[in-house]
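Beneath this line is the structure, given in structure tokens, with notes to follow.
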Amino acid sequence: MLDLTQGQFVRHVIMHPFEGFEDLRWKKSGSLAIATGIVVLLFIQQLAYNRMYGFQYYSSYDKIFNIVPYFFRSFGIFLLYVVCNWAMCTLFDGEGSMKNIYIVTAYSLIPYIAGYLIGTVLSHFLIKDEYIFIQTFEIVGTAWTVVLFISAMKAVHQFSFGKTLALIALTLVAMIAVMFLLVLLLTLFQQVIIFIFTIYTELSYRLRV
Numbered sequence: 264m265l266d267l268t269q270g271q272f273v274r275h276v277i278m279h280p281f282e283g284f285e286d287l288r289w290k291k292s293g294s295l296a297i298a299t300g301i302v303v304l305l306f307i308q309q310l311a312y313n314r315m316y317g318f319q320y321y322s323s324y325d326k327i328f329n330i331v332p333y334f335f336r337s338f339g340i341f342l343l344y345v346v347c348n349w350a351m352c353t354l355f356d357g358e359g360s361m362k363n364i365y366i367v368t369a370y371s372l373i374p375y376i377a378g379y380l381i382g383t384v385l386s387h388f389l390i391k392d393e394y395i396f397i398q399t400f401e402i403v404g405t406a407w408t409v410v411l412f413i414s415a416m417k418a419v420h421q422f423s424f425g426k427t428l429a430l431i432a433l434t435l436v437a438m439i440a441v442m443f444l445l446v447l448l449l450t451l452f453q454q455v456i457i458f459i460f461t462i463y464t465e466l467s468y469r470l471r472v
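Now the structure itself:
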């Protein structure tokens, strides 16, 4: 079995996804600190791509900057996936713990983050006719992340390829359901607040009269 440092394991799983995640699982060498750092980089990548992309390719017309959507696109969606995947894997008798799912999912995002960060930097130097080079980094990074992601889920849960795809699909369905319920709950909470405020305003008015 490989005897690598934490940083070497990150490079190992990126370059050798099919055996890398298996080695990571059996060696139990995943790092929560590194995984959290990767999620922070995901947040930075989302922020950079939407706010710092070359003006000749993309211009933001937002008058007010709101950081909340970027937190949701990075930390929010990532953590929601981890929780939903862990919940679904219990139905499929998966072997992955929430910690392991968190780590391998974060490791899988490295090519995607790198591809889009490189693309953001190149957008300030390349002209529109050379946009194909930017797209190459972004597409290759995304495609390699998909390969890593499927390999990670397969290794951490010890599933077959077909069962892994089914688990991922069910996880996405669960995420949509949870987001729908959250929106419903927030809407209901907002209505309750408005109702209470209306009663308070009416009582205050009558007491003054």
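The numbering of the sequence shown is this note's numbering, which starts it at 264 and goes up by one.
In this text, a Cβ means the ideal position worked out from N, Cα and C, and glycines have one as well.
Sort the options by Cα distance to residue i and report the nearest one.
i: residue 362; options: 300, 400, 294 and 353; result: 294
i: residue 428; options: 355, 340 and 440; result: 355
i: residue 341; options: 382, 315, 453 and 301; result: 301
i: residue 330; options: 319, 344 and 310; result: 310
Roughly how many angstroms lie between the CA atoms of residue i and residue j, to the nearest whole one?
i: residue 457; j: residue 451; result: 10 Å
i: residue 389; j: residue 299; result: 32 Å
i: residue 367; j: residue 460; result: 46 Å
i: residue 393; j: residue 308; result: 21 Å
i: residue 288; j: residue 463; result: 57 Å
i: residue 328; j: residue 432; result: 34 Å
i: residue 380; j: residue 312; result: 7 Å
i: residue 397; j: residue 319; result: 13 Å
i: residue 468; j: residue 455; result: 20 Å
i: residue 405; j: residue 286; result: 23 Å
Counting C-beta neighbours from all protein chains within 10 Å, is the total for residue i 16 or more, i.e. buried, or is it exposed?
i: residue 303; result: exposed
i: residue 351; result: buried
i: residue 470; result: exposed
i: residue 353; result: exposed
i: residue 401; result: buried
i: residue 229; result: Since the first residue of the chain shown is 264 and the last is 472, residue 229 is not available in this structure.
i: residue 449; result: exposed
Would you say the beta carbon of residue i comes nearer than 7 Å to a heavy atom of the ligand NAD?
i: residue 271; result: Because no ligand of any kind appears in the structure shown, any question about the ligand NAD cannot be addressed here.
Inset, instruction - Say whether the segment 372-385 touches the segment 406-418, bearing in mind that this needs 3 or more beta-carbon pairs closer than 8 Å, one atom from each stretch. - result: yes
Inset, instruction - Report yes or no: do three or more beta-carbon pairs, one from the segment 415-426 and one from the segment 264-284, lie closer than 8 Å? - result: yes
Legend entry - alpha helix (DSSP H) segments (min. 4 residues) lying fully within the segment 364-451: 373-385 and 394-420
Inset, instruction - Please specify which runs of the alpha helix (DSSP H), each continuous and at least 4 residues long, are wholly inside the segment 278-360, giving them in chain order. - result: 280-290, 295-314, 331-334 and 340-354
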